[in-house]
Amino acid sequence: MQNDYSLLAPGPVNLHPMVQHALSLPMIHHRTPQFDEILKRVLSRLKTIFATNENVYIQSSTGSGGMESLLVNTLSPGDEVLCIDSGKFGERWAEMAKVFGMKVHVIKTTWGQSVDPQDVAAALQNNPNIRAVLCQATETSTAVANPIQKLGEIIHQCPQTLFLVDGITATAAYLLPFNEWHIDGLVAGSQKAFMLPTGLSFVCFSPKAQARFSEAKCARYYFDIRREQKANTNGETFFSSSVALVRALDVVLELIFEKGLPKHYAEIESRARMAQHFGPHLGLPLFSQAPSLSVTAFSMPSHIDGQKLRQHLEDKHNITIMGGQDQAKGKIIRLGHMGYIQPHEMERFFVALLESLRHFDPEWKKDLSVSTLKSELKAWAQNWSGE
Ligand SMILES: *Cc1c(COP(=O)(O)O)cnc(C)c1O
Numbered sequence: 196m197q198n199d200y201s202l203l204a205p206g207p208v209n210l211h212p213m214v215q216h217a218l219s220l221p222m223i224h225h226r227t228p229q230f231d232e233i234l235k236r237v238l239s240r241l242k243t244i245f246a247t248n249e250n251v252y253i254q255s256s257t258g259s260g261g262m263e264s265l266l267v268n269t270l271s272p273g274d275e276v277l278c279i280d281s282g283k284f285g286e287r288w289a290e291m292a293k294v295f296g297m298k299v300h301v302i303k304t305t306w307g308q309s310v311d312p313q314d315v316a317a318a319l320q321n322n323p324n325i326r327a328v329l330c331q332a333t334e335t336s337t338a339v340a341n342p343i344q345k346l347g348e349i350i351h352q353c354p355q356t357l358f359l360v361d362g363i364t365a366t367a368a369y370l371l372p373f374n375e376w377h378i379d380g381l382v383a384g385s386q387k388a389f390m391l392p393t394g395l396s397f398v399c400f401s402p403k404a405q406a407r408f409s410e411a412k413c414a415r416y417y418f419d420i421r422r423e424q425k426a427n428t429n430g431e432t433f434f435s436s437s438v439a440l441v442r443a444l445d446v447v448l449e450l451i452f453e454k455g456l457p458k459h460y461a462e463i464e465s466r467a468r469m470a471q472h473f474g475p476h477l478g479l480p481l482f483s484q485a486p487s488l489s490v491t492a493f494s495m496p497s498h499i500d501g502q503k504l505r506q507h508l509e510d511k512h513n514i515t516i517m518g519g520q521d522q523a524k525g526k527i528i529r530l531g532h533m534g535y536i537q538p539h540e541m542e543r544f545f546v547a548l549l550e551s552l553r554h555f556d557p558e559w560k561k562d563l564s565v566s567t568l569k570s571e572l573k574a575w576a577q578n579w580s581g582e
């Protein structure tokens, strides 16, 4: 890959050079004092990011494995669950719950819209047997942020109901305090906001959720968190640890804590604000009615295919972003704000975006010159670094 390659997808993401280095170190065994020390530090820092004193568990699986873990450790076949489907990943979670024999109620939002908390309150009132509500914090397919804090307040009123949250593109990208927002199960993923390669998921359970571990009847072996709970008490993981990824995670967390968590969040937010400004400025409206801070989706004009545009960005400019999925295919493009992204990459992206739009429509935004755009981007970046 050339040096100027930018991976600006909403996961996987650009890796920091120090993370790349950590990934290339000689292997060590996971039952050694060196690794124990790393694991201990990592597990403690994960709690800080989740904003909780509960254990955060590391699983060697992609994010979807973490979603499965939340279900199988707290629920049983036949249980009623309410799944908020605001896009692809909401759909996936509902599908998963069905595979485990749960009775799934779905609240489906129009793509691009977040769920209305009142709809959730009403559904819970109408179905007092609902054992869990499942929701994406950021629905990555539509770049929508759901109102997790408000949902937490509502669900917290129901002693029988857990609030399970997919924070794969939220946790470590922006503040999503586990305890304070009354979340009962939270999953994060390594290749998104944790700025690592794919392969780890992180899960956390509230005391209310932990009380379900022994009564949950879903078949589970690898994802049975009780094994992990026991091993963690002894400062170990139950199965073999993914040493390379955990070591790289240690580097990521060191980088984040060195900088300070608020500043880390602020940098991601400033990229989101930049996207929210310059997308529409280049003639691409925001697709999401409730834009997330970790990913931004832009609506394409009807005469330019988003898939072709993203391909052109990759071929001509060496920048990877994502298009839309399913019903949004060709109609939107998605820019991720997580990972190791330097200010000049953001500037380069918007200049490349303007060129790409003009490649497909030479008349596009005719009154905006590339040099004007460049100075606007410079001014924006200066503001950003001056904060
Ligand atoms: C990426 C993503 C997933 C799936 O994660 P995998 O690592 O691909 O299994 C689930 N939920 C959300 C919100 C995601 O962004």
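Those letters in the sequence shown? Residues 196 to 582, by the numbering used here.
Heads up, the beta-carbon is just placed ideally off N, CA and C, and yes, glycines get one too.
Quick caveat, the model's predicted, so the values are computed rather than measured.
Check                                                                                                                                                    : Outcome
Going by DSSP, what residue range makes up the alpha helix (DSSP H) through residue 300?                                                                 : Counting along the chain, residue 300 falls outside any alpha helix (DSSP H), though it belongs to the beta strand (DSSP E) covering 298-303.
Starting from residue 418, follow the alpha helix (DSSP H) in both directions and report where the run begins and ends.                                  : Taken as a continuous stretch (DSSP letters only), residue 418 belongs to no alpha helix (DSSP H), as it is neither H nor E.
Find out if the Cβ-Cβ distance for the pair residue 252, residue 420 is shorter than 8 Å.                                                                : yes
Report buried or exposed for residue 457, applying the criterion of at least 16 other Cβ atoms within 10 angstroms of its Cβ.                            : exposed
Looking at C-alpha atoms only, which residue of 423, 311, 379 and 233 is the closest neighbour of residue 434?                                           : 423
To which residues of the same chain is residue 368 closer than 8 Å at the C-beta, ignoring the five residues directly before and after it?               : 333, 387, 388, 460, 463, 488, 489, 532 and 533
Are residue 325 and residue 290 touching if we call contact CB-CB under 8 Å?                                                                             : no
Going by beta-carbon coordinates alone, are residue 384 and residue 265 separated by less than 8 Å?                                                      : no
Measuring only the C-alpha atoms, how far is residue 581 from residue 497?                                                                               : A caution first: residue 581 carries a pLDDT of 46, below 50, which makes its placement in the model unreliable, though a value can still be read off. Roughly 38 Å separates the two Cα atoms.
Counting beta carbon pairs with one atom in the stretch 511-519 and one in the stretch 204-213, are three or more of them shorter than 8 Å?              : yes
Helix, strand or coil for residue 260, going by three-state DSSP, please let me know.                                                                    : helix
Per DSSP, which residues does residue 486 bridge with? Please list them.                                                                                 : 339
In the structure shown, what three-state DSSP assignment does residue 582 receive?                                                                       : Here residue 582 scores only 48 on pLDDT, less than 50, and its place in the model should not be relied on; the value that follows carries that caveat. Reduced to three states, the DSSP call for residue 582 is coil.
Pick out whichever of 294, 300, 337 and 547 has its Cα sitting closest to the Cα of residue 278.                                                         : 300
Does the stretch 464-475 touch the stretch 528-548, meaning 3 or more C-beta pairs lie closer than 8 Å?                                                  : yes
Compute the distance between the beta-carbons of residue 395 and residue 577, then report whether it is under 8 Å.                                       : no
By DSSP, does residue 361 sit in helix, in strand, or in coil?                                                                                           : strand
In three-state DSSP terms, what is residue 381?                                                                                                          : strand
How is the beta strand (DSSP E) around residue 531 delimited, first residue to last?                                                                     : 527-531
Distance, Cα to Cα, residue 316 vs residue 257?                                                                                                          : 31 Å
Taking the straight line between their C-alpha atoms, what separation do you get for residue 524 and residue 431?                                        : 44 Å
In chain order, what residues of the same chain lie with their CB nearer than 7 Å to the CB of residue 501, ignoring the 5 residues before and after it? : 495, 518, 519, 525, 526, 527 and 528
In chain order, what residues of the same chain lie with their CB nearer than 7 Å to the CB of residue 229, ignoring the 5 residues before and after it? : 223
Out of 539, 331, 295 and 541, state which residue places its alpha-carbon closest to the alpha-carbon of residue 304.                                    : 331
Return yes when at least one heavy atom of ligand 1 lies under 7 Å from the C-beta of residue 334, else no.                                              : yes
Closest by CA to residue 522, which one among 272, 553, 214 and 283?                                                                                     : 283
Under the three-state reduction of DSSP, which class applies to residue 334: helix, strand or coil?                                                      : strand
Within 7 Å: the Cβ of residue 473 and any heavy atom of ligand 1?                                                                                        : no
Cβ of residue 363 within 7 Å of any heavy atom in ligand 1?                                                                                              : yes
Who pairs with residue 366 in a beta bridge, going by DSSP?                                                                                              : 369
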